[in-house]
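Asks: Mind looking over this structure? Questions follow.
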């Protein structure tokens, strides 16, 4: 297993468009997290999945954001009607229930013009 | 609410010297985990070291060690024999419960040759 992967690595979109990001966690990990990181800041928690169940969603996530993890494997994060304030790095991480360490993906950098 | 504060936006250290990065946190819980993560430029975030709050002994991983002061809610990272490859953003993080991670704003470490 090569670790957590994210696709695409970079996305440039125009304001008002919808975008979807994908995260493939480490295969045996049942926990999956999405974070948003803006310049000069640490990662901010967006949402958490245990297997296919979305157990927590941050108040930072407006109704334009939705995340899914069908069958408890890969996850997608969709942003509808993007705004310039959505420009950020979107990080995915995974872990197993047996350990405390999160393994991060390389992130998807979103630029909204 | 839990918060994590890193008061040093940037630090510099001479190669082979020792540097300490500061982190304070606020919590009313007695059992939790603390972490230091490293984010090299354009690369994935990786775990450097972790500390379980119920353990009094400070964690150590090779050249990296922590000074955990539970009463003072302080969790500093010491890097000994600094190497050029240590240059990165370092994030202090707190885990609340079983899955909620809260990150500080980070400290950029520069290593001077």
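Residue numbers (the working numbering), protein chains in the order written: chain A, 1 to 113; chain B, 1 to 113.
Positions of the beta carbon are idealized from the N, C-alpha and C atoms, including for glycine.
Give a yes or no on whether the minimum CB-CB distance between residue 110/A and chain B is below 9 Å.
Replies: Taking the first residue of the first chain as position 1, residue 110/A is located at position 110. Cβ-Cβ to chain B under 9 Å: no for residue 110/A.
Asks: For the segment 32 to 57 of chain B, enumerate the residues whose C-beta is nearer than 7 Å to any C-beta of chain A, in chain order.
Replies: Answer in chain order: 33, 44, 45, 47, 50.
Asks: Check whether the segment 5 to 23 of chain A touches the segment 70 to 83 of chain A, taking contact to mean three or more Cβ pairs, one atom from each stretch, closer than 8 Å.
Replies: Enough Cβ pairs lie closer than 8 Å, so yes.
Asks: Would you verify that the beta carbon of residue 65/A is, or is not, closer than 9 Å to some beta carbon of chain B?
Replies: Locating residue 65/A in the first chain gives position 65, where the first residue counts as 1. No, residue 65/A lies away from the interface with chain B (no Cβ there is under 9 Å from its Cβ).
Asks: Could you please give me the residues that DSSP links to residue 60/B through a beta bridge?
Replies: Here residue 60/B refers to the residue found at position 60 of the second chain. Beta-bridge pairing links residue 60/B to 65/B.
Asks: Excluding the five sequence neighbours on either side, which residues of its own chain have a C-beta within less than 7 Å of the C-beta of residue 56/A, listed in chain order?
Replies: By 1-based counting over the first chain, the position of residue 56/A is 56. Here the set comprises 47, 48.
Asks: Can you tell which of 29/A, 5/A, 8/A, 12/A has its C-alpha closest to the C-alpha of residue 98/A?
Replies: Position 98 of the first chain, counted from the start, is the residue given in the question as residue 98/A. Minimum Cα distance to residue 98/A is reached at 29/A.
Asks: Just to make sure I have the definition right: I need the residues of chain A whose C-beta is within less than 8 Å of the C-beta of residue 60/B. Which are they?
Replies: Position 60 of the second chain, counted from the start, is the residue given in the question as residue 60/B. None at all; the shortest Cβ gap to chain A is about 16 Å.
Asks: Using 8 Å for Cβ pairs, my map puts residue 4/B next to residue 79/B. What's the rounded Cβ distance?
Replies: Residue mapping note: residue 4/B aligns to position 4 of the second chain, counting from 1. Residue mapping note: residue 79/B aligns to position 79 of the second chain, counting from 1. Going by Cβ atoms, the distance from residue 4/B to residue 79/B rounds to 19 Å, so no, they are not a contact pair.
Asks: Using a Cβ distance threshold of 8 Å, determine whether the segment 35 to 46 of chain A contacts the segment 11 to 20 of chain A, with at least three qualifying pairs required.
Replies: Because the criterion of three Cβ pairs below 8 Å is not met, the segment 35 to 46 of chain A and the segment 11 to 20 of chain A do not touch.
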